[in-house]
Each structure stands twice: as structure tokens, then as C-alpha cells.
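Here full-length UniProt numbering is used: the first residue of the first sequence is 1, the next is one more, and so on.
Glycine included, every Cβ here is placed at the ideal spot set by N, Cα and C.
Take a look at the structure set out below.
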Amino acid sequence: MTSKRQPLHEWTVDPDTAIALQKSLAPRVVRHDEIGDVEHIAGVDIGFEEGGETTRAVVVIMRWPSLEIVERVLHRKPTQMPYIPGLLSFRELPAALEAFEQLSVMPDLLMVDGMGIAHPRRLGIAAHLGLWLDLPAIGVGKSRLCGQHDEVPDSRGHWVALTHRNETIGGVLRTRERVKPLYISTGHRVSLETSIDWVMQCLTRYKLPEPTRQADRIASRRTAETRRPEESAAPEQNTLSF
DNA sequence: GCGACAG
DNA sequence: ATCTTGTCGC
């Protein structure tokens, strides 16, 4: 029997409703390790086109530990909510969720561009996505949303705690010397320490871990792959698997 | 009331 | 996030 998972909640574009949802969902986020064998890791990132009118979600699936790309999905969807600090997931997840529906392989771990629980109400985009898909997830942010931290030693692999309201919500990790550190945090079913470990394991020669870096390249850059299909050929095609 | 503010 | 060329430095 195929049972279709019921969605966590109805979507909304109302700020107050979104905040209320975050408060009720945050307690359900699992902050300890509840992760099995990892065969595939997904990198998730969102980009925008036409001045923000269109949201472009990209999911890259990599095999572990080879880190070879085994699948990529690019999905476009009309943007229906503005960017509001703290409500990022409500703007970017709709497109991402539809991208996941296109996958032929479900990953065992997610690495999302943005915060996990390092969020004012402890439900950043990585936590929200992990909770929705019920998959282990790690938040990989490039800048700070909230919380305070000491200066990070300029040595690859070193990190300091990110604290907010008397609680450690993440870690600020130096993934490359002389380069701005990354803000790592639990998304779902992965502890902070394990999250940092996975990020380090996925580093090559760049600032970002491979899953996020690959997704980022495709989502942000307007290259040959990012090219929209010919309007005359297939006007309705907004999804590309390659 | 005054800043701060993921992508 | 996005608009954008070249340029300085490890």
C-alpha cells in the first residue's frame, strides 16, 4: 500500500500566521543524532529571476563518500511572498518542495543554504525543510541572522559557539583560512557536533561544502543549464532534470 | 523608541 | 537574493 504523507501544515503568505506556525513547529525539531546510513547527500539552494518574480529551486544529489553528482533538479515557480528576515522558509520552500517531488532518489541527509535552529524562533529554513521531509538536515549559512559569538580562530576546522538567549544555537566554522566563516546549525535529526563534522567531511578546496556549493552554482548563476527552455517549444516547462 | 536582519 | 568588471592578494 502506498500511503501519501500528509503535509505538516497548510502554506501561508501571512507574516503573523507564519510566525505562529514557526512557534508551534519548532518544538518538533529533533536536535540530536537520529541519522542512519548515508548513501546520498542533497544540497539545496534557491535563486531568483526577473527581479524576484520567479523563484528558482535547485536540489543536487551526491553519492557519499565519492561526492559525485548523481542527480540534479532545477524547478521554477512564481514567487508569492517577499523576503522578510525570519520568514525565509515561507518564501523559498514552496519551490524547493516541488523540486523534491521531481527526484528519483531521496537523499539521507540535507544540507541547506540558510539557518537550521539558529533562528529567532528556532525554525530556520533548514529546520523547516528537514521537519517537512522528515529527513536529517543541516543549516549552512553564510552570514548571521541572530545570536552572538567570539572571533573564530583563523584555522581551518576551528569553530566557536553561536549563542542566543543563553542557548547554543549553532557554530561559526572556519572552512577556509582568511575567508568568512560559515554559520552551521542543526536542521533536524543531527546534532551540532555531527553537523559540523559532516560539513568538514564535504569540504574540498572551497569555502562551502560540496552539496551546497554545487546547488549554489546552479541556482545563482545564469549559465547554459540555467537557461530557460525555448518559449516556442514548451511554454509550460518549468522543471529541468539533468 | 532604536538597531539588526538567513537568502 | 540580484544588479555587475576588473582587480588586488594569497
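Residue i and residue j closer than 8 Å at C-beta
i           : j    : result
G139        : V172 : no
H128        : E98  : no
I61         : H40  : yes
L203        : P211 : no
I218        : R91  : no
P85         : L145 : yes
D108        : V38  : yes
I46         : S89  : no
residue 279 : V59  : Nothing in the structure corresponds to residue 279, since the chain is present only between 1 and 242.
V13         : M106 : no
L87         : P27  : no
W198        : P94  : no
Spatial neighbours of residue i in its chain, beta-carbon cut-off 8 Å, leaving aside the 5 residues before and after
i    : result
F48  : T54, T55, R56 and T79
P7   : W132
E177 : D154, S155 and R156
T194 : D33 and I35
I196 : W159, G171, L173 and I184
Nearest-angstrom Cβ-Cβ length linking residue i and residue j, presumed shorter than 8 Å
i    : j    : result
R174 : S155 : 6 Å
G130 : G147 : So it is not a contact: roughly 19 Å between Cβ atoms.
L110 : A42  : 5 Å
Contacting residues, own chain, Cβ-Cβ under 6 Å from residue i (five flanking each side not counted)
i    : result
Q22  : R121 and L123
R189 : V30, E34, I35 and P136
V152 : V160, V172, R174 and P181
V179 : K207
R205 : none
H164 : C146 and G147
G52  : T79
G141 : G114, M115 and Y183
D150 : V160
L67  : E210
T168 : A161
Residues near residue i in its chain [Cβ-Cβ closer than 7 Å; skip 5 each side]
i           : result
T17         : none
M200        : G157
F100        : V59 and L133
H9          : L21
A234        : At A234, the pLDDT of 46 sits below 50, so the modelled position is not reliable and the matter cannot be decided from this model.
W64         : V38, E39, H40 and I41
S220        : G47
residue 248 : Nothing about residue 248 can be read from this structure; the chain reaches only from 1 to 242.
query = Which ranges does the beta strand (DSSP E) cover as unbroken runs of at least 3 residues, wholly within the segment 121-203, from first to last along the chain?
reply = 137-141, 159-164, 167-173 and 182-188
task = Evaluate the contact criterion for the segment 105-121 versus the segment 175-191: three or more CB pairs, one atom per stretch, below 8 Å.
result = yes
request  = Go through the segment 10-59 residue by residue and report every complete run of the alpha helix (DSSP H) that reaches 4 residues or more, in order.
outcome  = 15-25
Ranges of the beta strand (DSSP E) found wholly within the segment 51-103, counting only runs of at least 3 = 54-63 and 69-78
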